[in-house]
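S.K.: If you want this note's numbering, it's the position in the sequence shown, counting the first as 1, plus 2. Let me give you the structure first, and then I'll get to my questions.
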Amino acid sequence: DTLSIRCRSFIKLGKLSEIEVRITNDSRKEVASGRILVSQK
């Protein structure tokens with residue numbers, strides 16, 4: 003199976019960014035989703 007990761011939103015919070023993603027399979031059914039905070043160098 004091939005999984006696709008798509009960015010649903012990208013919000014800048016100063017030096018941090020919040021990214022919300024959706025992971026779908028070949029038939030475009032959502033198998034996972036989540037949010038992550040990342041810092042810029």
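Yeah, the Cβ is synthetic: ideal placement off N, Cα and C, and Gly gets one too. Note that the coordinates shown come from a computational prediction; the quantities given were computed from them, not determined experimentally.
Straight-line CA distance for I84 to D3?
M.R.: Given a span of 3 to 43 for the chain in the structure shown, any question on residue 84 remains unanswerable.
S.K.: In chain order, what residues of the same chain have a beta carbon less than 6 angstroms from the beta carbon of V40, not counting five sequence neighbours either side?
M.R.: So the list reads S19, once near-sequence residues are dropped.
S.K.: Candidates I21, I7, R10: which alpha carbon is nearest I38's?
M.R.: If we check each option's Cα against that of I38, I21 comes out closest.
S.K.: Are V33 and I7 touching if we call contact CB-CB under 7 angstroms?
M.R.: Against a cut-off of 7 angstroms, the Cβ pair of I7 and V33 comes out as no contact.
S.K.: Identify which residue in Q42, K43, R30 has its Cα closest to the Cα of L5.
M.R.: When each option's Cα is compared against that of L5, the closest is R30.
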